[in-house]
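Numbering (my numbering), first residue to last: 884 to 1034.
Following this line, the structure appears as structure tokens:
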């Protein structure tokens, strides 16, 4: 049986919590200072930046009569960098692997106490998605599973 797609309202718990935890990653390279200007939901800017993009497949895993639910929210993190050498290129890709591991290990907390993280996991390794003369983009796919208690 096909799972029911998550409504926009029930997906709205995720973006801010996810962005806050990505900005909290402690091991960014010294030239990257995370902020709301360069860690962006659904976008990338021309400079070093991280974009977080929701992917298709956000679904309810369980729904309860009370209105509570458990949901899966897949997303992609994209890192745009400007490597000038092979070691810098490798470091850009490794940054995403380490960021993904960090999100899996530290978890994500939500402002709304009715929302509980079940798990965060990588569903792909970091991979190149775009390359221009001056910049490269790497991505990693992940999924977040969370529960919301209502009623």
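Virtual Cβ for every residue (Gly too), placed ideally from N, Cα, C.
If you're wondering where the values come from, they're calculated on a predicted model, not measured in any experiment.
Inter-residue Cα distance where the pair is residue i and residue j
i            : j            : result
residue 971  : residue 930  : 16 Å
residue 940  : residue 920  : 27 Å
residue 1024 : residue 1034 : 33 Å
residue 977  : residue 917  : 17 Å
residue 899  : residue 946  : 23 Å
residue 1000 : residue 957  : 14 Å
residue 925  : residue 902  : 11 Å
residue 877  : residue 1031 : The displayed coordinates of the chain run from 884 to 1034. Any statement about residue 877 would go beyond what the structure contains.
residue 959  : residue 949  : 31 Å
residue 884  : residue 955  : 16 Å
residue 969  : residue 889  : 41 Å
residue 1007 : residue 914  : 26 Å
residue 1011 : residue 979  : 11 Å
residue 936  : residue 894  : 13 Å
residue 908  : residue 993  : 16 Å
residue 995  : residue 892  : 14 Å
residue 1003 : residue 922  : 19 Å
residue 912  : residue 1015 : 21 Å
Residue i burial status per 10 Å Cβ neighbour count (16 or more: buried)
i            : result
residue 952  : buried
residue 1027 : buried
residue 983  : buried
residue 990  : exposed
residue 932  : buried
Proximity below 8 Å, CB of residue i to CB of residue j
i            : j            : result
residue 1018 : residue 964  : yes
residue 997  : residue 1009 : no
residue 938  : residue 886  : no
residue 896  : residue 985  : no
residue 987  : residue 1005 : yes
Spatial neighbours of residue i in its chain, beta-carbon cut-off 8 Å, leaving aside the 5 residues before and after
i           : result
residue 966 : 972, 974, 975, 1019
residue 942 : 886, 887, 888, 889, 954, 955
Chain-order list of residues whose beta-carbon lies under 6 Å from that of residue i (same chain, five-residue window excluded)
i            : result
residue 1013 : 1020
Same chain only: Cβ atoms within 7 Å of residue i, ignoring 5 sequence neighbours per side
i           : result
residue 927 : 934, 961, 963
residue 981 : 910
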